[in-house]
Amino acid sequence: MMEKFYCPKCDKIFEAEGKKKGWQSSLFGYCWKLVAKCPNCDKECDEWRPKGSSDKESGNYCGGTCSIFKK
Ligand SMILES: [Zn+2]
0 MMEKFYCPKC DKIFEAEGKK KGWQSSLFGY CWKLVAKCPN CDKECDEWRP
50 KGSSDKESGN YCGGTCSIFK K
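Numbering that gives the first Met the number 0 puts the first residue of the sequence shown at 0, with every later residue one more than the last.
Right, here's the structure in full:
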């Protein structure tokens, strides 16, 4: 499935087939997000989200797509 990703280095949005990357967070437990390699610079990039999709509540967001917020 094609998803949109954003490369901060190239300042570009690209489409790719993402892969799931999981990690263990001491705050949030198990988290995961989709990542894909930028076709230009080969950097591993996060999924792109439209502005205003409400992440990043004062740093309590785990950084993944699981959207778990610290209570
Ligand atoms: Zn790039």
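C-beta atoms are modelled at their ideal positions from N, C-alpha and C, and glycine is treated no differently. Treat the numbers as computed from the prediction; the structure is a model and nothing was measured.
Please name the residue or residues paired with residue i in a DSSP beta bridge.
i, result
"C142", "Here the chain comprises residues numbered 0 to 70, so residue 142 is not present and cannot be evaluated."
"M1", "E16"
"C37", "C37 pairs with nothing; no bridge assigned."
"C44", "A35"
Measure how close the beta-carbons of residue i and residue j come, nearest whole angstrom, since I'm counting them as under 8 Å.
i, j, result
"D41", "Y5", "With a Cβ gap of about 15 Å, D41 and Y5 do not count as contacting."
Should residue i be counted as a contact of ligand 1 given a C-beta to heavy atom distance under 6 Å?
i, result
"K42", "yes"
"C30", "no"
"K8", "yes"
Which residue's Cα is closest to the Cα of residue i: the options?
i, options, result
"G21", "F13, K3 and K32", "K32"
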